[in-house]
Structures are given as C-alpha cells and as structure tokens.
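Numbering (my numbering), first residue to last: 4 to 291.
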C-alpha cells in the first residue's frame, strides 16, 4: 500500500504545495448569506468542495464546526469527505485527538480505518499525554497508508507556556516532540507519513526542524496574520517539507466559486514564490 507521505509528495508536486481549510464557523456562514444551521453548513461545504476539490492538494475540514450541529452535521462531514476524495484531494481532518490505550486506538479507527464513514487520508493529533500515547494512531496510519500531523509549535499565544517549557535534558517540550517524530520518519522516502503542525506566526523559534523527515503543516497564514514570506523565518532549511495552510483568507472570497478559485490561486502563487526561491538559494528540491 502506498504511504500517505508518498501520496502527499505527489499531490503537492502535481497540484501545488497548498492546504485549504474548510472552517464553516457562524461568521463565515453569515458572510455568505447562509443560515447557521445544517442546510447552511451543507451549502457552504458543497460550494467549497465543488470549487476546490479537483485542484487543491489537501483540504482540511475542521471537525468541530460540523460536530456542533450533532449527528446531522457529522453526516455532512461524512458526505464532504467522500466528495473531496472523489475529486482527488487528500483529506486532512482537523480533530486534534489525543488519549491513551484503547481510546486513542478507537480514535484511529474512526478516522484512519477504511471501514469507517469518517475515513480520511490523515488527521491531526495532540501529543500532550506523551508522543508514545499516540502509538496506536501511528500504527493504524501505517497499516492503512494514512498520516498523522502532531502538534508541535502552534500559532495560538497560549501554547508557548507548554510547548516551550524545558525538560530535565534542557530540550523544550516542542523539540522533544520534533525529535520523536523525526525518529518515526527515519528512512522514509520521499516523505514520511507522520507530520508536525508548526504555526506560520511563531517566528524564529530556535527549534531544529531539519531532520523531521515528514510534512510540516503551517497554519496561521492569512486571516491569522501569517504571510508566505514568514515561512522562511519559521522553517529555514526545512522549507522543502512545508505544506502551507489557509482557511479564512480563501473562504472569505466566497460564495462565488470563481472567486474562491482565484483566491486559492493567489495564495498558491505567493507560497510557490517563497518555496521556489528557497530551492534556488540552497539547492534543495521543493515540492512546488
């Protein structure tokens, strides 16, 4: 079975290094003139999926904005996942799950097992019960060709109190997470299947991301203040593995499908300019 890392590498090469989030929060529904109910949710997600599903490498639905409507919202999420996969996009479900033992195994089955109606290509996970607690998730991903993106250095200001705290060995919590994920990806080609989430707004953190071996999801671009140019500062020599992620900057262009596509092309152009410049500078091979 082809690994998620290999599929992601090919998708970024063919469609460009970009992830677009589907975050149907109430403010966006109102901006689109849609009601804050399941019908509005369905119209919103169908419009985004039909406009972008056949052209974006990765689409990232935020599960919470579907779950808030209960079982009918989750049904819309299931349908959205199917439509995106049929359109050829890789689906990364933003759920940030984390637990221990049989519970984390159940989360893995919910999102990474092909028998589940919520089956996606990859999911986000929280490592703050210990990276080792996510082992059942990593095992399920490997078994079915899936991926996991583990939180490391997030763009929310509250995160630094935990992520930059130092352990007995002098490393920050975030660097310990980075190092453990690097070990899991060791030897994977062309890209490992266990990625990290590193916010585009965190600046020069002093953390070493050069040996991760897997994809680096960079949220926080656009409405949260991050720009494509910030990717150089945050990721440095690891730029070739970066998957930039935009949500509101693209979604705010809707509901017109052509406007959504135009906004997507603009941010992709901005990201490619940065990643290609890095390739020319250091001789690395980027996915753009």
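Even glycine gets a Cβ: it sits at the ideal position worked out from N, Cα and C. In this text the structure is predicted, and so the values were computed from the model without any measurement.
For residue i, count neighbouring C-beta atoms within 10 Å of its own C-beta (all shown protein chains included) and say buried if the count is 16 or more, exposed if not.
| i | result |
| --- | --- |
| residue 249 | buried |
| residue 66 | buried |
| residue 170 | exposed |
| residue 277 | buried |
| residue 15 | buried |
| residue 56 | buried |
| residue 272 | exposed |
| residue 229 | buried |
| residue 201 | buried |
| residue 74 | exposed |
| residue 126 | buried |
| residue 261 | exposed |
Leaving out five residues before and five after residue i in sequence, what residues of the same chain have Cβ atoms less than 8 Å from its Cβ?
| i | result |
| --- | --- |
| residue 38 | 32 |
| residue 191 | 6, 8, 216, 217 |
| residue 181 | 155, 199, 210, 211, 212, 215 |
| residue 247 | 20, 21, 22, 203, 221, 224, 231, 234, 270, 274 |
| residue 286 | Any answer about residue 286 is weak, because its pLDDT of 49 lies below 50 and its placement is not dependable; what the coordinates show is given next. Cβ within range, chain order: n/a, list empty. |
| residue 41 | 72, 75, 76, 79 |
Ignore the nearest five residues each way along the sequence and tell me which others in residue i's own chain have a CB closer than 7 Å to its CB.
| i | result |
| --- | --- |
| residue 68 | 26, 27, 28 |
| residue 183 | 134 |
Identify, in the order they occur along the chain, each residue of the same chain with its Cβ nearer than 6 Å to the Cβ of residue i, setting aside the five sequence neighbours on each side.
| i | result |
| --- | --- |
| residue 244 | 218, 219 |
| residue 252 | 225, 226 |
| residue 195 | 8, 188, 216, 217 |
Verify the CB distance criterion: does residue i have a CB-CB separation below 8 Å to chain D?
| i | result |
| --- | --- |
| residue 75 | Among the chains of the structure shown, chain D does not appear; only one protein chain is present. |
Relative to the C-alpha of residue i, which residue among the options is closest?
| i | options | result |
| --- | --- | --- |
| residue 153 | 130, 142, 45, 162 | 130 |
| residue 237 | 246, 208, 263 | 208 |
| residue 72 | 43, 126, 163, 63 | 43 |
| residue 140 | 167, 168, 102, 119 | 102 |
| residue 257 | 20, 270, 159, 35 | 35 |
| residue 77 | 51, 176, 96, 158 | 96 |
| residue 52 | 30, 241, 82, 75 | 82 |
| residue 124 | 240, 146, 193, 108 | 146 |
| residue 264 | 59, 49, 120 | 59 |
| residue 186 | 193, 176, 197 | 197 |
Using 8 Å for Cβ pairs, my map puts residue i next to residue j. What's the rounded Cβ distance?
| i | j | result |
| --- | --- | --- |
| residue 79 | residue 23 | So it is not a contact: roughly 18 Å between Cβ atoms. |
| residue 150 | residue 144 | 6 Å |
| residue 99 | residue 138 | About 17 Å; that fails the 8 Å criterion. |
Is residue i near the ligand ZN, with its Cβ less than 7 Å from a heavy atom?
| i | result |
| --- | --- |
| residue 253 | For the ligand ZN, the structure offers nothing, since it holds no ligand at all. |
Please specify which runs of the beta strand (DSSP E), each continuous and at least 3 residues long, are wholly inside the segment 28-92, giving them in chain order.
Whole beta strand (DSSP E) segments, 3+ residues: 61-64.
Quick one: complete beta strand (DSSP E) runs, 3+ long, within the segment 93-130?
Complete beta strand (DSSP E) runs here, min 3: 93-100, 125-128.
Length-filtered (4 minimum) alpha helix (DSSP H) runs lying within the segment 119-185
Counting whole runs of 4 or more residues, the segment 119-185 contains the alpha helix (DSSP H) stretches 138-147, 163-166.
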